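Below, the structure written as structure tokens:
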């Protein structure tokens, strides 16, 4: 019986691919960049700076807001931050994630999208990035 269970787990991993496993731990705690990125409503800004500048500025802003970076990927151009409870004026759970996504839209131009499951927190972070 134990062998069947191990074989089932192994085959599940092989046939579903590793990407689902990479997201499993994030979905378990409620923080997934895929879910945040696919959220229909986001705060969108066009910035007249390149992606590198916007990335560094966002990391600095998250730190200034006493939040912490939970996950980031420079290649996929996203930052997930949590724990805004020390700076956000309204109540929010410290594990409420905020996704910051970057996209180059022209030379020296970047689209910055901010998404969260808490709309007030989403707007607060987007305004703080300006």
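Numbering (my numbering), first residue to last: 100 to 229.
Using N, Cα and C, we set each Cβ at its ideal position, and we do this for glycine too.
Since we're looking at a predicted model, the values are computed, not measured.
Legend entry - Assigned secondary structure, residue 61 (DSSP; H/G/I helix, E/B strand, else coil): Given a span of 100 to 229 for the chain in the structure shown, any question on residue 61 remains unanswerable.
Inset, instruction - Spatial neighbours of residue 186 within its chain, please: CB distance less than 6 angstroms, with the 5 preceding and 5 following residues excluded, ordered by chain position. - result: Taking the first residue of the chain shown as 1, we reach residue 186 at position 87. For residue 186, the CB contacts under 6 angstroms within the same chain, skipping 5 residues up- and downstream, are 164, 165 in chain order.
Inset, instruction - Quickly, what does DSSP pair residue 101 with across the bridge? List them, please. - result: Locating residue 101 in the chain shown gives position 2, counting from the first residue. Residue 101 is not bridged to any residue.
Legend entry - Simplified DSSP assignment, three categories, for residue 160: Translated into positions along the chain shown, residue 160 becomes position 61. Residue 160 falls in the helix class under three-state DSSP.
Legend entry - Inter-stretch contact at 8 angstroms, needing at least 3 Cβ pairs: the region 177 to 184 / the region 196 to 209: yes
Inset, instruction - Answer with buried or exposed for residue 190, where buried requires no fewer than 16 other C-beta atoms within 10 angstroms of its C-beta. - result: Residue numbering aside, residue 190 sits at position 91 when the chain shown is read from its first letter. Burial call: exposed.
Inset, instruction - Would you kindly work out how many angstroms separate the C-alpha atoms of residue 222 and residue 108, rounded to a whole number? - result: Indexing the chain shown from 1 puts residue 222 at position 123. Indexing the chain shown from 1 puts residue 108 at position 9. If I take the Cα positions, the gap works out to 42 angstroms.
Legend entry - Beta-carbon spacing of residue 150, residue 161 below 9 angstroms: Counted from its first residue, the chain shown places residue 150 at position 51. Counted from its first residue, the chain shown places residue 161 at position 62. No. Outside cutoff.
Inset, instruction - Could you tell me how far apart the beta carbons of residue 132 and residue 208 are, in whole angstroms, since I believe they sit closer than 8 angstroms? - result: Taking the chain shown and counting its residues from 1, one reaches residue 132 at position 33. Taking the chain shown and counting its residues from 1, one reaches residue 208 at position 109. About 23 angstroms separates the Cβ atoms of residue 132 and residue 208, ruling out a contact at the 8 angstroms cut-off.
Legend entry - Cα-Cα separation, residue 214 to residue 138: For the purposes of this step, residue 214 is identified with residue 115 of the chain shown, where counting begins at 1. For the purposes of this step, residue 138 is identified with residue 39 of the chain shown, where counting begins at 1. Straight-line Cα distance between these residues: approximately 7 angstroms.
Inset, instruction - For residue 193, collect the residues of the same chain with a Cβ closer than 6 angstroms to its Cβ; drop the 5 residues on either side in sequence, then sort them by chain order. - result: Locating residue 193 in the chain shown gives position 94, where the first residue counts as 1. So the qualifying residues of the chain are 182, 184.
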